[in-house]
Amino acid sequence: MLTYLALYSFFGIIAGLLAGLLGIGGGLVIVPILVYMFNLQSFPPEHIMHIALGTSLASIMFTSFSSAMSHHKHKAVNWDIVKKVTVGIIVGTWVGSFFAAKIPTYILQLIFSCFIFYVASKMIMSSKKTLGNKPLPKTLGMNIAGLGIGLISSLVGIGGGTISVPFMLYHSVEMRNAIATSAAIGMPIAISGCIGYFFNGSGAANLPEYCYGFIYLPALFAIVICSSLMAPFGAHLTHTLPVAKIKKCFAFLLLFVGVRMLISAIL
25 MLTYLALYSF FGIIAGLLAG LLGIGGGLVI VPILVYMFNL QSFPPEHIMH IALGTSLASI
85 MFTSFSSAMS HHKHKAVNWD IVKKVTVGII VGTWVGSFFA AKIPTYILQL IFSCFIFYVA
145 SKMIMSSKKT LGNKPLPKTL GMNIAGLGIG LISSLVGIGG GTISVPFMLY HSVEMRNAIA
205 TSAAIGMPIA ISGCIGYFFN GSGAANLPEY CYGFIYLPAL FAIVICSSLM APFGAHLTHT
265 LPVAKIKKCF AFLLLFVGVR MLISAIL
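For the sequence shown, our numbering assigns the number 25 to the initial residue and increments by one for each residue that follows.
As structure tokens, then:
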């Protein structure tokens, strides 16, 4: 177990550095790491993807709260947007976790692979984002948007930033505020998703030791502690390293990970 904890801590350091350096969501890095580690530990194949998604969302509870409070101190979070999407997000994330518990691992791998391809292609072909000129929807529209953000986020184990930021930019929210608000939106996504994966996995048979529902505690604690410590250092490196080039290299690495997961799902 100590060897695996050391590996989880090491990968937590990598995840924290990348999150701080590239501004990417933790789940995008953590889910493939967890899948790799769970295979290494010979977890039941039928549960690997479910536990990876549940553990990823549980870790995002801590990181999104820390990030949101930091942005709040700079008065960058639009809490009105957060309030308007929260109900939809909670429902969407819960529904997503319920369906994910019923979906075979290979289908979840296919979904995650497609999402990785989408994110990697956006990173490779990145261009300067321009603000849209459409106003934000009314409360019902915001809750429908939250439903979609929560549903997708729960199926791929992320905090929703890759979806919520473009949504807000399209609706005339400044980039600084969109990123800050996305961090706050990650909290209800992570909390609802974590609870959903816990309850929907509680009745699953043949779960590994230290698994509570679809949440694996040793990986959760090691990754949260190490990634939280290293994220500020990664953010500091953005001022000294060629981030744009590193981001494109990371995008190609994501494509490689996506292809491997796709092959694993098909075969």
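We treat Cβ as the ideally placed atom computed from N, Cα and C, and that holds for glycine.
May I ask you to report which of helix, strand or coil DSSP gives residue i?
i      : result
Gly184 : coil
Asn157 : coil
His96  : helix
Ser66  : coil
Lys108 : helix
His71  : coil
Val197 : coil
Pro56  : helix
Met147 : helix
Met85  : helix
Pro128 : coil
Met25  : coil
Val101 : coil
Leu291 : coil
Keeping to the same chain, check which residues put their C-beta closer than 7 Å to that of residue i; ignore five residues upstream and five downstream.
i      : result
Ser367 : As displayed, the chain neither begins before 25 nor continues past 291, which places residue 367 out of reach and without an answer.
Val143 : Leu52, Thr186 and Leu278
Ala268 : none
Met73  : Val59, Thr129, Leu132 and Gln133
Gly156 : Leu193, Tyr194, His195 and Ser196
Assuming residue i and residue j form a contact by the criterion Cβ under 8 Å, report the distance between their Cβ atoms to the nearest whole angstrom.
i      : j      : result
Pro212 : Ile84  : That pair is no contact at about 11 Å.
Phe245 : Tyr221 : Between Tyr221 and Phe245 the Cβ distance is about 16 Å, and since that is not below 8 Å, they are no contact.
Leu179 : Ala243 : About 20 Å; that fails the 8 Å criterion.
Cys304 : Gly78  : Absent from the structure is residue 304, since the part of the chain shown begins at 25 and ends at 291.
Phe122 : Pro232 : About 22 Å separates the two Cβ atoms, so there is no contact after all.
Phe141 : Gly282 : 5 Å
Ser80  : Gly181 : 4 Å
Ile54  : Phe62  : No, Ile54 and Phe62 are not in contact; Cβ-Cβ is about 12 Å, not under 8 Å.
Ala30  : Ile148 : Going by Cβ atoms, the distance from Ala30 to Ile148 rounds to 33 Å, so no, they are not a contact pair.
Identify, in the order they occur along the chain, each residue of the same chain with its Cβ nearer than 6 Å to the Cβ of residue i, setting aside the five sequence neighbours on each side.
i      : result
His95  : Val101, Ala204 and Ala207
Val248 : Ser83 and Phe86
Ala289 : Tyr130, Gln133 and Leu134
Met254 : Ile37, Gly40 and Leu41
Who are the near neighbours of residue i in its chain, counting only those whose CB is closer than 8 Å to its CB and skipping five residues on each side?
i      : result
Pro159 : His195 and Ser196
Ile173 : Val109, Gly112, Ile113, Gly116, Gly184, Ile187, Ser188, Phe191, Ile209 and Ile213
Leu286 : Gln133, Leu134 and Ser137
Hey, which unbroken runs of the alpha helix (DSSP H) at 4 residues or more fall wholly within the region 208-280?
241-261
Give a yes or no on contact between the region 97-112 and the region 154-172, applying the rule of three or more CB pairs nearer than 8 Å.
yes
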